[in-house]
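What follows is a single structure, written as structure tokens, with notes after it.
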Amino acid sequence: MPYLIGQEELDAIRGVLESNTLERYVKSDESVVSRFEKNFCKKLGIKHTLAVSSGTGALICALKGLQIGIGDEVIIPSLTYVATALAVLDVGAIPVIAEIDESLTIDPIDLEKKITSKTRAIIPVHMYGLPCNMDAITNIAEKHDLRILEDVAQACGGSYKGKNLGTIGDAGIFSFNHYKILSVGEGGGVITNNDKIYQTAAIKHHGGIIYEEGLMNSFDIKPFAGSNFRLAEVLGAMLEVQLSRLDSFLSKLRAEKAQFLETILDFPEYFKKNHIHDKKGDCGTTFFLIFNTVSYAEAFIKEAEKLNVEVWSAYTKGHVYSNWEPIFKNQKVLISSDDGTYHWSKLKFDPSNECPKSMSILKRTVGISTKVTRSKSDFEQVINKYSYALNKITSLKYETI
Ligand SMILES: *Cc1c(COP(=O)(O)O)cnc(C)c1O
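Using this note's numbering, the first residue of the sequence shown is number -10, and each one after it goes up by one.
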């Protein structure tokens, strides 16, 4: 949801409209998009930011920057927005799906099992603001010489052991669409400390880069056929304001989440909270309960709905890989052979057998979203209702507050 849009965004947009230049490369003075990029670099402590038109576009540009292409395998988690898989296909590579564990992020043990001689990269997704186990993932990547592209679309401002998410791997990507922490309708970003990754992503995002005076002067990368993922100035202006609100958004989300964690205690016969790899770094956008059985999860959703409080099953359409079947069942990919040739083949995709552990966890997991614009007293009421609903499904054995 757009968490909070105010007068500052309106003023910023008006400023761009009145300037009469709506695209960054047309401007003679500094564009708003490039100013946002500088601010984002400063905020996250990274050398390069490339603002683009969507998170999907950011993934495509970053994969290109990492030299991922035809025949390469890229490991992604079973729980992510479908765009993570689509971007891999878009650059001609093959998405390989690994299990998640009870942290709701990629399971490092299964991740390592999915590595083959063709694997080139891993995309850990910091899903629902939850940091992945980056120590384990980094170790595996080093051992097998793989690149890491962090998908931070849902975790802008999060961290892992003091490091900002997106700055731990070779590159990170963000989305600024309607549903994300920073929200401007559509938008995305690539971050990296690596000049070549940045330059390649920049060429990919602005196919006509060679025609603008001086734009590639400092580039080592030679021109190639790119595309268009440019971000409009109007959105850049809005994004700049949203970025200035990031700390206040996060502190509100984290305060609500902290209260959930403190108040709702595990009840091992019925449910427990998901494991969080770094509680301090968690963005706090969502509180999760993993129930012991599917019927407990369903009963909790029913009781909560009766009380008019929002809950949702983690087994949601766009985010669980088994629901991608209509897209992937007829998908063809180019497979490389040892003799250096390629052949078309059906994408290996078998949701009934691939990730049984993920399916079991997700069918038993219920999410509760935190909110930026909710008063303390409303929150107190709401948390009491969740507690009451848990009490009901445990046949009144759960201690309510
Ligand atoms: C939203 C999202 C994307 C894609 O972002 P768009 O801006 O919608 O293209 C990629 N990965 C994850 C995990 C997302 O949540």
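Even for Gly, the Cβ is constructed at its ideal location relative to N, Cα and C.
Judged by DSSP in its simplified three-state form, Arg13 adopts helix. In the DSSP secondary-structure assignment, Asp140 is bridged to Val114 and Ile162.
The Cβ neighbour count for Gln370, taken over all protein chains shown within 10 Å, is under 16; the residue is labelled exposed. Annotation for Arg13: Ser20, Val21, Val22, Ser23, Arg219, Leu220, Glu222 and Gly225 place their beta carbon closer than 8 Å to its own, counting only its chain and skipping 5 residues before and after. Phe213 counts as exposed, since fewer than 16 other beta carbons sit within 10 angstroms of its beta carbon. Close CB contacts of Gln248 within its chain, under the 6 Å cut and outside five residues either way in sequence, are absent. In this model, Phe165 and Lys152 are separated by some 21 Å (Cα to Cα). A residue is called buried once 16 or more other Cβ atoms fall within 10 Å of its Cβ, and Pro315, having fewer, is exposed. Going by DSSP, Tyr285 is part of the alpha helix (DSSP H) stretching over Val283 to Lys295. When distances are taken from the beta-carbon of Val77 to the heavy atoms of ligand 1, even the shortest one reaches 7 Å or more. If you ignore the 5 residues before and after Gly155, its C-beta comes within less than 6 Å of the C-beta of Glu139, Val141, Gly161 and Ile180, all in its own chain and listed in chain order. Counting the other CB atoms within 10 Å of its CB gives Leu68 a total of 16 or more, which places it among the buried residues. Look at Gly329 here: in three-state DSSP terms it is coil, with no helix or strand label.
Sorted by chain position, residues whose beta-carbon lies closer than 6 Å to a non-hydrogen atom of ligand 1 are Ser43, Gly44, Thr45, Thr69, Tyr70, Ala72, Thr73, Val114, Asp140, Ala142, Gln143, Ser164, Asn166 and Gly177.
Taken through DSSP and simplified to helix, strand or coil, Phe213 comes out as coil. Between Ile198 and Ala191, the gap from beta carbon to beta carbon is short of 8 Å.
Excluding its 5 nearest sequence neighbours in each direction, Pro84 has C-beta neighbours in its own chain below 7 Å: Val63, Ile65, Ala74, Val77 and Leu78, listed in chain order.
Membership of Lys365 in any beta strand (DSSP E) is not indicated; the residue belongs instead to the alpha helix (DSSP H) covering Lys365 to Ile382. One Cα belongs to Glu26, the other to Lys268, and the distance between them is close to 28 Å. Rounded to whole angstroms, the gap between the alpha carbons of Ile157 and Asp339 is 31 Å.
Residues of the same chain with a CB within less than 6 Å of the CB of Asp61, apart from the 5 flanking positions on each side, are Ala82 and Arg109 in chain order.
A contact between stretches requires three or more CB pairs, one per stretch, nearer than 8 Å, and the region 321 to 337 fails this requirement with the region 244 to 258. The beta carbons of Ile357 and Ile89 sit no closer together than 8 Å. With contacts defined as CB atoms closer than 8 Å, Leu48 and Ala72 qualify as a contacting pair.
Here the C-alpha atom of Gln231 lies approximately 32 Å from the C-alpha atom of Asn373. Contact check between the region 34 to 50 and the region 171 to 179: three or more CB pairs, one atom from each, fall below 8 Å, which counts as touching. Exclusion of the five residues before and after Arg136 leaves Leu55, Ala110 and Asp159 as the residues of its chain whose Cβ lies within less than 6 Å of its Cβ.
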